[in-house]
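Asks: Note that the sequence shown covers residues 611 to 1097 in my numbering. Even for Gly, the Cβ is constructed at its ideal location relative to N, Cα and C. Here it is: the structure, laid out below.
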Amino acid sequence: MTTLVHGCALLTGDVEDPQILAGGALVGDDGAIVAVGEADALRREHAPAAELGGDDVVVMPGLVNAHVHGFATPALQLGLPDGPYDEWMMGLMGVSGADHELELEALTGLLIASGVTTTIWSHFPAGGDLVEEAQPMIDAFARAGIRLGCALGYVDRNFFTWGDDARFLASLPADLRAFAEGMAPPQGELDVETFIAACQAIEPSDLLAVHYGPVAPRLVSPAAMEKIAAAASADERRGVHMHLLDYAEERTLLEGELGRSLVPWLDEIGLLGPRSAVTHVIHATTDDMDLLAERETTVIANTSANLRLGAGITKVGEMRRRGVPVAIGTDDMTLGLDTDLLSELRLATTLARLEDRWTSPAETIALGTAAGARAAGFGDRVGTLAAGKRADIVLLDYERISSPGAAVGVTPLDLVAAKATAADVRTVLVDGRVLYRDGRHETVDPAPAIERMRGEIAAVTASSEAADYFAQARRVGRAAADFIAAA
Ligand SMILES: [Zn+2]
611 MTTLVHGCAL LTGDVEDPQI LAGGALVGDD GAIVAVGEAD ALRREHAPAA
661 ELGGDDVVVM PGLVNAHVHG FATPALQLGL PDGPYDEWMM GLMGVSGADH
711 ELELEALTGL LIASGVTTTI WSHFPAGGDL VEEAQPMIDA FARAGIRLGC
761 ALGYVDRNFF TWGDDARFLA SLPADLRAFA EGMAPPQGEL DVETFIAACQ
811 AIEPSDLLAV HYGPVAPRLV SPAAMEKIAA AASADERRGV HMHLLDYAEE
861 RTLLEGELGR SLVPWLDEIG LLGPRSAVTH VIHATTDDMD LLAERETTVI
911 ANTSANLRLG AGITKVGEMR RRGVPVAIGT DDMTLGLDTD LLSELRLATT
961 LARLEDRWTS PAETIALGTA AGARAAGFGD RVGTLAAGKR ADIVLLDYER
1011 ISSPGAAVGV TPLDLVAAKA TAADVRTVLV DGRVLYRDGR HETVDPAPAI
1061 ERMRGEIAAV TASSEAADYF AQARRVGRAA ADFIAAA
């Protein structure tokens, strides 16, 4: 069935050539966009069977949240306050909240309602069968009807200190050592061949892309990283998604070990390329940036999360100036703990002004659409509204965004970049299918899930057990940071 989707404006084109079509529309058929143009002309030419939109909405490509770990409930609400990365990370290992299925129902609902049509999930191995660990996430996204870039995770070392865990454990006071040993690093069980086979066992499909996800260079032995790089570069149907330089000491550790510079080494073993994305990259040098730009490797900034943990700022301005593709993720931790990608785009690009890079409104939006789609493994299919692309579309409430008025020359694109938030999302389509309209979900039902989560979370947070655990875990984290600093 042909459908005309139209608004007071339609945002299309790419970063270099943004286009705002006043009165713009597109015709979708069988989930694909067949034409983009002026609404009346498209009506005459295609005689669409149905129409969606109106003069009070802006039509834009679906948003891409390029880095999440898969939790709907912020760790802070489960008793883990923000804190320095080492301490916080150790605490995170012990966070328990509501049932996983409920979390996923809430998460997919939250993403859809904020205009997100594609998400990259960065998995952290929990010690079990990797495909089984990924399956609930894959199933939840399939049920919700949104696209998933599934980055299966691998770690094989450096749970505590990124150097010498045995010596670190031995250095702890007896009570803390017993606790730390009980934190049971799961990665000892995993071998790299099993990991590679698991990645290859998950078949990409229309709504599912697969990525090799070595969690970070400091957490993967160089020999295993080389094997992963070889498998990934030979596999054109899958990408790479990896944390990189989110911690300054990662460079020191790896360069001491490799006797050479980290990012050029990743390049040499074949891990960088247009199908690869690296996330955070706070501590990149300008040489690193130039190499990432040359290899067309996407950097995913998670600005809020890094700010919340005082970890640093991904230099989006300098990276964009040097031609690095940049996408944006929320890392389960935005400034307002609301998973609002539109606000996150604004934060990342506004901070770039401190680097004297004033991104245009079109560029700002492209980081959360076209660039994200590419990083997620769907760049050929979504990210812009153009004939031949799949119909992943968001309609934003222009009445709200433009209230109480906008001067001549202030475009809908200017206003979307400057002030739109998740609250302005009216309608969301993936593959031409309406998933959300005027506050109502069509595929997921997050409200009852959230209601049940309330009860479960109340139960796990009622006792002081969780707080005691976090306090102990943070002591371990602090000791690990001291150990690393003294090494
Ligand atoms: Zn992350």
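In this structure, what does DSSP give as the bridge partners for Tyr-695?
Replies: According to DSSP, which records beta bridges pairwise, Tyr-695 is partnered with nothing at all.
Asks: Would Val-850 pass as a contact of Ser-886 if the rule is Cβ separation under 7 angstroms?
Replies: Yes, the pair counts as a contact, with Cβ atoms nearer than the cut-off.
Asks: Shorter than 6 angstroms, the distance from the beta carbon of Asp-1092 to the closest heavy atom of ligand 1, or not?
Replies: Asp-1092 Cβ: outside cutoff for every heavy atom of ligand 1.
Asks: Taking contact to mean at least 3 C-beta pairs separated by less than 8 angstroms, is the region 1015-1025 in contact with the region 729-748?
Replies: Verdict: no, contact absent.
Asks: Please report the distance separating the alpha-carbon of Ala-1033 from that of Ile-1011.
Replies: Looking at the two C-alpha atoms, the distance is approximately 10 angstroms.
Asks: Mind checking whether Ala-708 and Glu-1061 have CB atoms under 7 angstroms apart?
Replies: Not a contact, by the Cβ cut-off of 7 angstroms.
Asks: Is any heavy atom of ligand 1 found at a distance shorter than 6 angstroms from the C-beta of Asp-692?
Replies: Not under cutoff, so the answer is no.
Asks: Helix, strand or coil for Asn-675? Go by DSSP, reduced to three states.
Replies: Three-state DSSP puts Asn-675 in a strand.
Asks: On the three-state DSSP scale, how would you describe Val-726?
Replies: Strand.
Asks: Which same chain residues end up closer than 6 angstroms to Pro-884 when comparing Cβ atoms and leaving out the 5 residues on each side of it in sequence?
Replies: These residues qualify, in order along the chain: Glu-906.
Asks: Would you mind giving the Cβ-Cβ distance between Pro-1056 and Leu-720, rounded to the nearest angstrom? I have them listed as a contact below 8 angstroms.
Replies: That pair is a contact at about 7 angstroms.
Asks: Could you round the C-beta distance between Gly-617 and Val-668 to whole angstroms and report it? I think they count as a contact, below 8 angstroms.
Replies: Their Cβ separation, rounded to whole angstroms, is 5 angstroms, which keeps Gly-617 and Val-668 in contact under 8 angstroms.
Asks: Less than 7 angstroms separating the beta-carbons of Tyr-695 and Ala-1001?
Replies: No, the pair does not count as a contact, with Cβ atoms beyond the cut-off.
Asks: If we ignore side chains and look at the alpha-carbon of each, how far apart do His-893 and Ala-1091 end up?
Replies: Taking the straight line joining both Cα atoms gives about 17 angstroms.
Asks: Rounded to the nearest angstrom, how far is the Cβ of Leu-631 from that of Ile-975, given a contact under 8 angstroms?
Replies: At roughly 14 angstroms, the Cβ-Cβ gap does not stay under 8 angstroms, so Leu-631 and Ile-975 are not in contact.
Asks: Hey, quick one: how far does the beta strand (DSSP E) through Ala-635 stretch, first residue to last?
Replies: Taken as a continuous stretch (DSSP letters only), the beta strand (DSSP E) holding Ala-635 covers 634-639.
Asks: Give the range of the beta strand (DSSP E) segment to which Ser-886 is assigned.
Replies: Run containing Ser-886: 886-890, per the beta strand (DSSP E) assignment.
Asks: Under DSSP, the beta strand (DSSP E) around Thr-908 begins and ends at which residues?
Replies: 908-911 is the span of the beta strand (DSSP E), which, as asked, contains Thr-908.
Asks: Note the first and the last residue of the continuous alpha helix (DSSP H) segment covering Arg-1085.
Replies: Run containing Arg-1085: 1075-1096, per the alpha helix (DSSP H) assignment.
Asks: Measuring CB to CB, does Arg-1050 end up less than 7 angstroms from Thr-1037?
Replies: Contact flag unset, no.
Asks: Is the Cβ-Cβ distance between Val-705 and Leu-690 less than 7 angstroms?
Replies: Yes; because the gap between Cβ atoms is below 7 angstroms, this pair is in contact.
Asks: If contacts are defined as beta-carbon pairs under 8 angstroms, then Pro-684 and Leu-947 qualify, I think. What distance do you get, rounded to the angstrom?
Replies: Indeed, because the Cβ distance is near 4 angstroms, the residues count as touching under 8 angstroms.
Asks: Using a Cβ-Cβ cutoff of less than 6 angstroms, which residues in the same chain neighbour Arg-918 once the five nearest sequence positions on both sides are dropped?
Replies: Only Asp-692, Met-943 meet the Cβ criterion.
Asks: How many angstroms separate the CA atom of Val-830 from the CA atom of Ala-1089?
Replies: For Val-830 and Ala-1089, the distance between alpha carbons rounds to 22 angstroms.
Asks: Can you tell me whether Trp-731 is helix, strand or coil according to DSSP?
Replies: The answer is strand: DSSP assigns Trp-731 an E or B state.
Asks: Considering only residues of the region 933-989, which uninterrupted beta strand (DSSP E) runs meet the minimum length of 3 residues and lie entirely inside it, listed in chain order?
Replies: Fully enclosed beta strand (DSSP E) runs of 3 or longer: 936-938.
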